[in-house]
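Visitor:
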Amino acid sequence: MSHYESPIREPLIQGDNISYTKITDDIVATTEKAPPLSWWIGFIISATFAGIGVVAILWTIWQGIGTWGLNKTVNWAWDITNFVWWVGIGHAGTLISAVLLLFRQKWRTGINRAAEAMTIFAVICAGLFPLIHMGRLWMGFFIFPYPNTRGPLWVNFNSPLLWDVFAISTYLTVSLLFWYSGLMPDFATIRDRAKGKVRKFIYNALSFGWTGTAKQWQRFESLSLILAGLATPLVLSVHTIVSFDFATSVIPGWHTTIFPPYFVAGAIFSGFAMVETLMIITRKVLKLENYITVGHIESMNKIIVLTGSIVGVAYITELVIAWYSGYLYEQYAFANRATGEYWWAYAIMMTCNVITPQLYWIKKYRRNIALTFVLSIFVNIGMWFERFVIIVTSLHNDFLPSSWLYFLPTWVDVAIYLGTLGIFMTLFLLFARAFPVIAIAEVKSIFSISSAQARKQQLEENKKFEKDYKDSIGAEYAKDDVFDTNY
Amino acid sequence: MASNKYIVGLFDHEDKLIGAIRKCKKENVEITDTLTPFPVHGLEDELGYQDTRLHKAGFMFGITGTFVALSVMTFIMTTNYPINFGGKPNFALPSFIPITFELTVLFAAVGMVMVYCIRNGLFPGAVPRILDERITDDRFALSFEVDDSTSKEDISKVVNLLKEAGAVEVSSKEFNDDTEIFEVETSAVESIL
Chain A
1 MSHYESPIRE PLIQGDNISY TKITDDIVAT TEKAPPLSWW IGFIISATFA
51 GIGVVAILWT IWQGIGTWGL NKTVNWAWDI TNFVWWVGIG HAGTLISAVL
101 LLFRQKWRTG INRAAEAMTI FAVICAGLFP LIHMGRLWMG FFIFPYPNTR
151 GPLWVNFNSP LLWDVFAIST YLTVSLLFWY SGLMPDFATI RDRAKGKVRK
201 FIYNALSFGW TGTAKQWQRF ESLSLILAGL ATPLVLSVHT IVSFDFATSV
251 IPGWHTTIFP PYFVAGAIFS GFAMVETLMI ITRKVLKLEN YITVGHIESM
301 NKIIVLTGSI VGVAYITELV IAWYSGYLYE QYAFANRATG EYWWAYAIMM
351 TCNVITPQLY WIKKYRRNIA LTFVLSIFVN IGMWFERFVI IVTSLHNDFL
401 PSSWLYFLPT WVDVAIYLGT LGIFMTLFLL FARAFPVIAI AEVKSIFSIS
451 SAQARKQQLE ENKKFEKDYK DSIGAEYAKD DVFDTNY
Chain B
1001 MASNKYIVGL FDHEDKLIGA IRKCKKENVE ITDTLTPFPV HGLEDELGYQ
1051 DTRLHKAGFM FGITGTFVAL SVMTFIMTTN YPINFGGKPN FALPSFIPIT
1101 FELTVLFAAV GMVMVYCIRN GLFPGAVPRI LDERITDDRF ALSFEVDDST
1151 SKEDISKVVN LLKEAGAVEV SSKEFNDDTE IFEVETSAVE SIL
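Same order as they appear, the protein sequences are chains A and B. Sequential numbering from 1 applies to the first sequence in this note's numbering. Sequential numbering from 1001 applies to the second sequence in this note's numbering.
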């Protein structure tokens, strides 16, 4: 049987009459009945934004990058900001499934499926930006090294931008495999409940014909463990390589060795914030409060306060090192970042990323759902501005004061960004409609240990044991200090 | 050759299933398959399964990725397309590390998932033999293959064993290759006794 867990630990599955069937019913129900009105409203809004984004992307491809707000010095702005922001958001999914799996954190089971889906959609949105920034989208395949007829002509393997190509495509592939291998057993669950023939056929094809034999499960567990072991350094490497896009250049404000760990912490930070934003809505709309509990939200908030503080330390370290370098241009870059024309962006970044998450040191706030929802959006905003600050403030005042310019986005910049938000939400809503949003099999595997019901049973057993023991040694010896009965 | 007929015992708790497996071991009854709705911890040890070799396959694929990445990049940058970057070495190992790492992970992950699917017989459109539709929901199943040569004593031994171990349902299932893909004929186990 499974291992012992203290009865005073917070249960990960709430509710009094939960059984294996009830878990299946609750999670699969969302794919079986017609979606609620709130789903349709969300879907229409998201699809509208996605449509606006597609129009703006097509306009960019038709007309050229001149439709963006880029100017003489700021030749990289919203596109790369959005790219890094989306990649960062895409880090929480694999982190939750891989790192928390290696650390045997059971609370990951409630949220890993949706977080992994979110990862994939976020990486898709991220991947759009380098592609459309190419201008000639149809030449996109030039970024891959392949034997060609243009003489021996290859990509430059010394360039961090090429490393990015490999990092992002590997990350997308591995996340997809990880996600899908976990989905197969749950698709089989939906298949076996399906009434109609067509539905049964579709979900059987999606489940790859899963049956659930002991040998399949043995390989399944081995596969997820090793994929987790591979994905953990992968998560860290991807954002490290993204940070190399900046850190290996010679622009003051970018050329710093702190970037890799600082970007990785920031990515985990923003990823968890996005998971919270989505999970708080999902648990409410799909009525999954028993599986995505306040305890889950509290655990995520603990990670947010940790990574937020790491990011804060990184901001301050950057300032101190710039001052300590004694190098005029470096000092100017950071003084300009914090107090120059873009001081307001720096202030938003500092407030949303460093100051407000500190509220989570207090348990009452960590467990407050409304506050968590607001602060998770704050973190998303703050992390977008972090990338904006790093990118634009380092560029807008370049080496030649006569070309200094203030960057302003055009409607196309804004529409593409909102468009990716729309694409992301549309994909997520479709996922929530047709796929099991919680890993059914994994939640069941912790049911007999970590559910509220198991706790109750444990307490009763403990009380019985206590009573038997007291009876056996006689009342006069059974002092209160033997047992702590105040559970 | 696989037969089409099975005796299936369904349990409602993983502990009862493990009890039944231990009983089978004691009475020398061979279990054809054990099916559960989720991975039950320690089940493969009870069944005496060998450790899976998936991780070894993963390692081999990973090493292949490392080798491919390093050798292709070295060939391109030093022989096929050498460029002079301010006199820096063409064989720049440190800047080959990121892509080498990514391809190691990529090869290992893709290869391992392929092996996993092939060994488990998983592919889109695979038609599984579903012994009971509740196995993916809340039932833990033990199946025993039977054919015409199986003696009635053996069958009743299995049935009694399952009942004693606390099975909530014992039945015989027959797959007919001519019928619909998901159809299985369930009959009371007494009919074949």
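All C-beta atoms, glycine included, are put in the ideal place defined by N, C-alpha and C. Quantities reported herein were computed from a predicted structural model and do not represent experimental measurements.
Given this structure, state the Cα-to-Cα distance separating Trp39 of chain A from Ala50 of chain A, to the nearest angstrom.
Guide: Going by the C-alpha atoms only, they are around 16 Å apart.
Visitor: Determine, for Ile1021 of chain B, whether the minimum Cβ-Cβ distance to residues of chain A falls below 7 Å.
Guide: So no, Ile1021 of chain B is outside the interface.
Visitor: Do you know how far the Cα of Arg455 of chain A is from the Cα of Gln14 of chain A?
Guide: Cα to Cα, Gln14 of chain A sits roughly 10 Å from Arg455 of chain A.
Visitor: Apply the 10 Å Cβ neighbour rule to Ala231 of chain A and answer buried if 16 or more other Cβ atoms are within range, or exposed otherwise.
Guide: That one is buried.
Visitor: Taking C-beta pairs closer than 9 Å, name the residues in chain B that Glu5 of chain A reaches, listed in chain order.
Guide: Correct list: empty, because the minimum Cβ distance to chain B is about 13 Å.
Visitor: For Ser207 of chain A, count neighbouring C-beta atoms within 10 Å of its own C-beta (all shown protein chains included) and say buried if the count is 16 or more, exposed if not.
Guide: So Ser207 of chain A ends up on the buried side.
Visitor: Which runs of the alpha helix (DSSP H) spanning at least 4 residues fall entirely within the region 51 to 115 of chain A, listed in chain order?
Guide: Taking only runs of at least 4 residues, the alpha helix (DSSP H) segments lying wholly in the region 51 to 115 of chain A are 78 to 89 and 91 to 94.
Visitor: Here's the rule: buried if 16 or more other CB atoms are within 10 angstroms of the residue's CB, otherwise exposed. What is Thr446 of chain A?
Guide: This sequence places Ile at residue 446 of chain A; Thr is not what is there. That one is buried.
Visitor: Do Trp254 of chain A and Phe246 of chain A have their beta-carbon atoms positioned less than 7 Å apart in this structure?
Guide: Their beta carbons are under 7 Å apart, which means Phe246 of chain A touches Trp254 of chain A by this criterion.
Visitor: Please determine, among B:Ile1021, B:Glu1102 and B:Gly1125, the residue with the shortest C-alpha to C-alpha distance to Phe1067 of chain B.
Guide: The residue with the shortest Cα to Cα distance from Phe1067 of chain B is B:Glu1102.
Visitor: Please report the distance separating the alpha-carbon of Ala370 of chain A from that of Lys22 of chain A.
Guide: Taking the straight line from one Cα to the other gives about 28 Å.
Visitor: Val174 of chain A and Ala1069 of chain B - do their beta-carbons sit closer together than 7 Å?
Guide: The answer is no: Cβ separation not under 7 Å.
Visitor: For Ser270 of chain A and Val242 of chain A, I'd like the C-alpha separation in whole angstroms.
Guide: The alpha-carbon atoms of Ser270 of chain A and Val242 of chain A are separated by roughly 15 Å.
Visitor: Using the beta-carbon count (16 or more within 10 Å), is Ile168 of chain A buried or exposed?
Guide: Classification for Ile168 of chain A: buried.
Visitor: Counting only beta-carbon atoms, is Ile1099 of chain B nearer than 7 Å to chain A?
Guide: Judged by the 7 Å Cβ criterion, Ile1099 of chain B is in contact with chain A.
Visitor: Buried or exposed: which applies to Met1114 of chain B, given that a residue is buried once 16 or more other Cβ atoms fall within 10 Å of its Cβ?
Guide: Label assigned to Met1114 of chain B: exposed.
Visitor: Could you tell me whether any Cβ in chain A is nearer than 7 Å to the Cβ of Thr1052 of chain B?
Guide: So, interface residue.
Visitor: Our contact map puts Leu319 of chain A next to Gly229 of chain A with C-beta atoms below 8 Å; I'd like the distance itself, whole angstroms only.
Guide: In fact, because the Cβ distance is near 37 Å, the residues do not count as touching under 8 Å.
Visitor: Taking Cβ positions only, does Ser175 of chain A come closer than 7 Å to chain B?
Guide: Answer no: the Cβ-Cβ gap between Ser175 of chain A and chain B never drops below 7 Å.
Visitor: Can you find a C-beta in chain B that's less than 7 Å from the C-beta of Ser445 of chain A?
Guide: Closer than 7 Å to some Cβ of chain B, the Cβ of Ser445 of chain A qualifies, so yes.
Visitor: Taking any Cβ of chain B, which residues in the region 183 to 210 of chain A have a Cβ under 9 Å from it, in chain order?
Guide: Going along the region 183 to 210 of chain A in chain order, one finds Met184, Pro185, Asp186, Ala188, Thr189, Ile190, Arg191, Asp192, Arg193, Lys197, Lys200, Phe201, Asn204, Ala205, Leu206, Ser207, Phe208, Gly209 and Trp210 with a Cβ nearer than 9 Å to chain B.
Visitor: Could you work out which residues of chain A lie near Gly988 of chain B, taking near to mean beta carbons separated by less than 7 Å?
Guide: Outside the modelled stretch of chain B, which goes from 1001 to 1193, sits residue 988 of chain B, for which no answer is possible.
Visitor: So with Cβ pairs under 7 Å, would you call Thr24 of chain A a contact of chain B?
Guide: Closer than 7 Å: yes.
Visitor: Touch check for the region 129 to 142 of chain A and the region 256 to 274 of chain A: three-plus C-beta pairs under 8 Å?
Guide: At 8 Å Cβ cutoff, the stretches do not touch.
Visitor: Just mark Phe149 of chain A as buried or exposed, buried being the case when its beta carbon has 16 or more other beta carbons within 10 Å.
Guide: Note on identity: in this sequence residue 149 of chain A is Thr, with Phe being the wrong assignment. The residue in question, Thr149 of chain A, is exposed, as its Cβ has fewer than 16 Cβ neighbours within 10 Å.
Visitor: In the region 1113 to 1177 of chain B, which residue ranges form an unbroken beta strand (DSSP E) of at least 3 residues, counting only runs that do not cross its ends?
Guide: Runs found: 1140 to 1146 and 1169 to 1174.
Visitor: Rounded to whole angstroms, what's the CA-CA distance from Leu459 of chain A to Ala1165 of chain B? Just pull it up for me.
Guide: Each residue's alpha carbon lies about 27 Å from the other.
Visitor: Relative to the C-alpha of Gly53 of chain A, which candidate in A:Val437, A:Ile423 and A:Gln453 has its C-alpha closest?
Guide: Comparing Cα-Cα distances from Gly53 of chain A to each of A:Val437, A:Ile423 and A:Gln453, the minimum goes to A:Ile423.
Visitor: From what residue to what residue does the beta strand (DSSP E) around Glu1185 of chain B run?
Guide: Taken as a continuous stretch (DSSP letters only), the beta strand (DSSP E) holding Glu1185 of chain B covers Glu1185 to Ala1188.
Visitor: Whose C-alpha, out of A:Pro152, A:Ala338 and A:Arg136, is nearest the C-alpha of Tyr974 of chain B?
Guide: This structure gives no information on residue 974 of chain B, because the portion of chain B shown stretches from 1001 to 1193.
Visitor: Can you look up Tyr417 of chain A in the DSSP assignment and give me helix, strand or coil?
Guide: DSSP places Tyr417 of chain A in helix when its eight states are reduced to three.
Visitor: Could you name the residues of the region 1149 to 1169 of chain B whose beta carbon sits closer than 7 Å to any beta carbon of chain A, in the order they occur along the chain?
Guide: Against chain A - using a Cβ distance shorter than 7 Å - the region 1149 to 1169 of chain B contributes no residues.
Visitor: In angstroms with no decimal places, state the Cα-to-Cα distance between Ser1160 of chain B and Trp217 of chain A.
Guide: Note on identity: in this sequence residue 1160 of chain B is Asn, with Ser being the wrong assignment. If I take the Cα positions, the gap works out to 28 Å.
Visitor: Below 7 Å on C-beta distance, what does Phe1096 of chain B contact in chain A?
Guide: In chain order: Phe157.
Visitor: Helix, strand or coil, according to DSSP, for Met1 of chain A in the structure here?
Guide: With a pLDDT of only 41 at Met1 of chain A, under 50, the local geometry of the prediction cannot be trusted, and no value is derived from it.
Visitor: Between the C-alpha atoms of Glu1169 of chain B and Gly1009 of chain B, what's the straight-line distance to the nearest angstrom?
Guide: Cα-Cα distance, rounded: 6 Å.
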